[in-house]
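Contents: one structure, followed by commentary.
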Amino acid sequence: MAPDILRVTSTSLMLMLLTFCMGAINLEAQVAGLANDEVEALLEVAAQLGKKGWNPNMTLCNETDADNKVFCDCSFPGGVCHVVGIYLKGQDLDGSLPKAIQKLPHLKQLDLWANYLSGNIPPEWAVTKLEFLSIGVNRLSGKIPSYLGKITTLRYLSIENNMFSGTVPPELGDLVNLESLILNANNLSGELPLALANLIGLKTLRLSRNNFTGRIPEFIQSWKQLNALEIEAGGFTGPIPSNISLLTNLTELRISNLLGNGSEIPNLDPIAGIKYLMLSNCNLSGNFPENLTNKSQLKILDLSFNRLNGPLPHSFKGLPLVQKMYLTWNNFTGPMPEWIDTRDSRNSIDLSYNSFTSEPKKLADTLNPFKSTWDWNYPKPVECLNAGILNKDIHFYISPRTRQKVMQQQPVSLDYKFIYIFFGS
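Per the numbering used here, residue 216 is the first one in the sequence shown, and the count goes up by one each step.
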């Protein structure tokens with residue numbers, strides 16, 4: 216009898232161990248307290264996104280991969296865990312934005328950047344408590360829904376690089392906690408709604424590569440907390456508003472391709488901490504502002520493709536950190552300033568297509584002083600500044616009006632390693 220009893224006892228023990236192990240697996244899947252309804256909601260989210268591989272018998276809360284993880288907070292009373300973050304960046308997801316996130320009441324951060332998701336933002340999201348929403352670089356389309364303005368907990372919103380169209384809904388002005396709004400690279404049109412002036416806590420605003428109309432609005436003065444303002448090729452009409460000088464916290468200002476009338480460079484003297492100043496193709500005129508020579512934090516300055524004239528300042532000692540300076544395609548005159556020869560040779564400067572009356576004593580690999588003819592019917596060979604034979608790359612620009620004539624010419628032999636020709640469009 217003893218062997219039989221032992222056999223039964225061993226079998227029972229194995230069953231008990233198996234039951235315990237299965238229970239442990241399920242417990243692990245729920246992270247010692249992740250509610251069953253949130254496990255089910257995560258599986259719904261995965262199905263709607265087109266996410267493969269998730270199942271109830273695995274650890275869904277996983278923080279080992281920054282671009283492919285579900286973050287759970289287990290600090291709630293009783294050891295209960297809740298999903299607070301979903302990060303699925305660059306995972307080749309080809310589904311749609313998941314309606315099921317409304318079933319995750321504690322979800323604060325959702326990052327679905329760089330996938331192949333299509334459709335629009337579900338209305339079910341209006342009841343969420345999201346604080347961070349990144350759905351950029353997908354295939355989303357349609358109008359920006361007005362109910363997006365109901366997620367008033369949002370601090371960060373990025374829908375860049377999609378196919379959203381139509382106007383920006385005024386309801387976005389209800390996102391009073393918003394600090395970053397990124398709408399770059401869509402098909403948005405119309406004027407910016409006045410309601411956006413309510414976003415007084417904005418620190419980052421990016422509107423580039425859209426089809427907006429009208430002028431850059433005067434109500435930008437409401438965004439006094441702005442650190443970064445980017446409006447490159449946004450469709451807006453100039454000039455740059457003079458009250459931009461009130462945005463004294465700016466460290467990054469990027470505006471380009473303004474249509475319509477231009478103006479002189481606005482007074483940027485109050486913006487002492489600017490690091491990146493890019494005002495290319497804004498139809499700016501007048502002389503180089505002296506107050507730009509004392510921006511001690513400035514790293515990149517781009518004033519290319521404008522109508523600036525007169526001589527350059529004699530000294531740029533007030534720009535100790537500048538790394539790149541683009542002044543090409545203006546009408547600067549006078550001698551090449553002496554600081555060109557004494558600057559740090561690692562810093563890149565493009566002075567091409569101006570009307571300087573002298574050339575630099577030294578021509579470093581990081582200086583482009585190519586002369587512009589400023590004559591569309593120039594009958595002579597193009598003059599290059601005399602710098603000897605250089606083992607370097609040379610970049611220059613040919614406008615659409617001269618493209619055809621250039622292409623008809625015979626090839627020429629030059630003592631340069633490569634020549635890159637940029638054709639205008």
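Where is the CB? At the ideal position from N, CA and C, for every residue including glycine.
Please read all numbers here as calculations on a predicted model, not as lab measurements.
Here I555 carries a helix assignment [DSSP, helix/strand/coil]. In this structure, DSSP gives S471 an extended state, which the three-state scheme calls strand. Between V299 and Q317, the C-beta gap is not smaller than 8 Å, which leaves the two residues out of contact. E553 and S437 have their C-alpha atoms some 42 Å from each other. Secondary structure note for N251: its alpha helix (DSSP H) is the uninterrupted segment N251 to L264.
Rounded to the nearest whole angstrom, the CA to CA distance from D389 to E574 is 56 Å. For C289, the CB contacts under 6 Å within the same chain, skipping 5 residues up- and downstream, are C296 in chain order. Counting along the chain, the unbroken beta strand (DSSP E) around D326 starts and ends at Q324 to D326.
In the DSSP annotation of this structure, the continuous segment of the beta strand (DSSP E) that includes F379 starts and ends at M378 to G381. Rounded to the nearest angstrom, the gap between the Cα atoms of G405 and I431 is 12 Å. Per DSSP, the beta-bridge partners of F547 are G525. Under the three-state reduction of DSSP, F434 is assigned to helix.
In this structure, the straight-line span from the alpha carbon of P360 to that of G334 is close to 12 Å. For E339, same chain residues with a beta-carbon under 7 Å away, outside a window of 5 residues either side, are K314 and Q317 in chain order.
In the three-state DSSP reduction, I374 falls in the coil class, being neither helix nor strand. Taking the C-beta atoms as reference points, L332 is found nearer than 8 Å to G310. Only buried fits V254, as 16 or more other CB atoms lie within 10 angstroms of its CB.
With fewer than 16 other Cβ atoms inside 10 Å of its own Cβ, V391 counts as exposed.
Take L422, set aside five residues on each side of it, and the residues of its chain with a beta-carbon closer than 6 Å to its own are L398, I446 and G449, in chain order. Here I397 carries a strand assignment [DSSP, helix/strand/coil].
Here DSSP, grouped into helix, strand and coil, assigns N458 to helix. Beta bridge pairing from DSSP links G405 with F427. For the pair I455 and P485, the CB atoms are not nearer than the 8 Å cut-off.
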